[in-house]
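Quick note, this note's numbering runs 70 ahead of the 1-based positions in the sequence shown.
Report on the following structure.
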Amino acid sequence: MCRRCSIICKIILCVVLSLIALVFIAFGYLSILRGEMLVERKSRLVNIIDKTEAIFQRYDLYYQSGVLSLEQAQKQALQRLSLLDGNYIFVFDDDYTLLASLGSVDDSNPNVKMLQDTNGDFTYQMIHEQAKQLTAGTFVSYCFPLFIGGKTVRKISYSKRFPAWGWTYGAGVYIDDIDSSISHTLISFDELVV
């Protein structure tokens with residue numbers, strides 16, 4: 071009887087250790103997956119902002135060559151942003167006047183200088199200062215509502231400066247979107263196992 075109990079205990083121990091190992095492997099996989107998704111999203115942001123920069127450079131050339139006035143070049147460049155695959159691109163000037171957001175020209179032109187996130191950081195000032203210091207582009211993390219009046223979640227934006235026009239521009243991704251994708255992956259895995 072004692073020997074039989076010993077064998078059952080060993081089997082149970084093996085099963086429990088296997089389950090624990092499986093849990094660690096699953097969490098390791100999800101951590102790696104989350105990291106890869108974040109890298110992929112950051113890469114996409116850099117691509118969007120590089121395209122935005124190319125648009126600004128093209129219209130600045132039109133201005134420099136006399137084809138368009140500065141005002142016409144800036145207006146047409148902002149309108150061109152709306153054609154960039156429906157991406158959310160924000161643009162504001164050195165006075166923190168919002169020129170474009172949600173992928174379209176912002177005619178209301180609100181001043182965003184004093185907008186703070188839930189941590190008390192002045193979001194646009196932080197983006198502006200880092201973009202000025204790191205001319206090759208910079209990633210900035212902050213908290214921002216998913217929609218006006220909505221829940222505030224973590225966000226990462228990639229932004230640059232276009233010094234010729236005194237503009238700072240960027241695009242962002244909500245970390246919540248990545249975490250949601252991970253949750254869906256976990257649920258799919260759970261359904262597959264069960």
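All residues carry an ideal CB built from backbone N, CA and C; glycine is no exception.
It should be emphasised that the depicted structure is a prediction, and the values quoted were computed from it without experimental measurement.
Beta-carbon spacing of residue i, residue j below 8 Å
{"i": "residue 229", "j": "residue 197", "result": "yes"}
{"i": "residue 226", "j": "residue 250", "result": "no"}
{"i": "residue 138", "j": "residue 146", "result": "yes"}
{"i": "residue 169", "j": "residue 118", "result": "no"}
{"i": "residue 193", "j": "residue 186", "result": "yes"}
{"i": "residue 179", "j": "residue 166", "result": "no"}
{"i": "residue 130", "j": "residue 234", "result": "yes"}
Residues bridged to residue i (per DSSP)
{"i": "residue 116", "result": "DSSP, once it has assigned bridges, lists no residue as partnering residue 116."}
{"i": "residue 224", "result": "213"}
{"i": "residue 242", "result": "227"}
{"i": "residue 161", "result": "170 and 239"}
{"i": "residue 208", "result": "229"}
{"i": "residue 186", "result": "192"}
{"i": "residue 181", "result": "167"}
Presumed contact (8 Å Cβ cut-off) between residue i and residue j, rounded CB distance
{"i": "residue 143", "j": "residue 158", "result": "Contact doesn't hold; Cβ gap of about 23 Å is too wide."}
{"i": "residue 141", "j": "residue 232", "result": "That belief does not hold up - the Cβ atoms of residue 141 and residue 232 are roughly 15 Å apart, past 8 Å."}
{"i": "residue 115", "j": "residue 243", "result": "6 Å"}
{"i": "residue 121", "j": "residue 209", "result": "In fact, because the Cβ distance is near 17 Å, the residues do not count as touching under 8 Å."}
{"i": "residue 108", "j": "residue 248", "result": "6 Å"}
Contacting residues, own chain, Cβ-Cβ under 6 Å from residue i (five flanking each side not counted)
{"i": "residue 126", "result": "147 and 232"}
{"i": "residue 246", "result": "223"}
{"i": "residue 134", "result": "none"}
Chain C contact for residue i (CB, 8 Å cutoff)
{"i": "residue 221", "result": "In the structure shown, chain C cannot be found, because there is only a single protein chain."}
Contact set for residue i: own chain, Cβ-Cβ below 8 Å, skip 5 residues either direction
{"i": "residue 188", "result": "213 and 222"}
Beta-carbon proximity list for residue i, same chain, < 7 Å, skipping 5 on both sides
{"i": "residue 191", "result": "212"}
Between the segment 230-241 and the segment 186-205, can you find at least three pairs of beta-carbon atoms closer than 8 Å? When C-beta atoms of the segment 186-205 are compared with those of the segment 230-241, three or more pairs fall below 8 Å, so the two segments count as touching.
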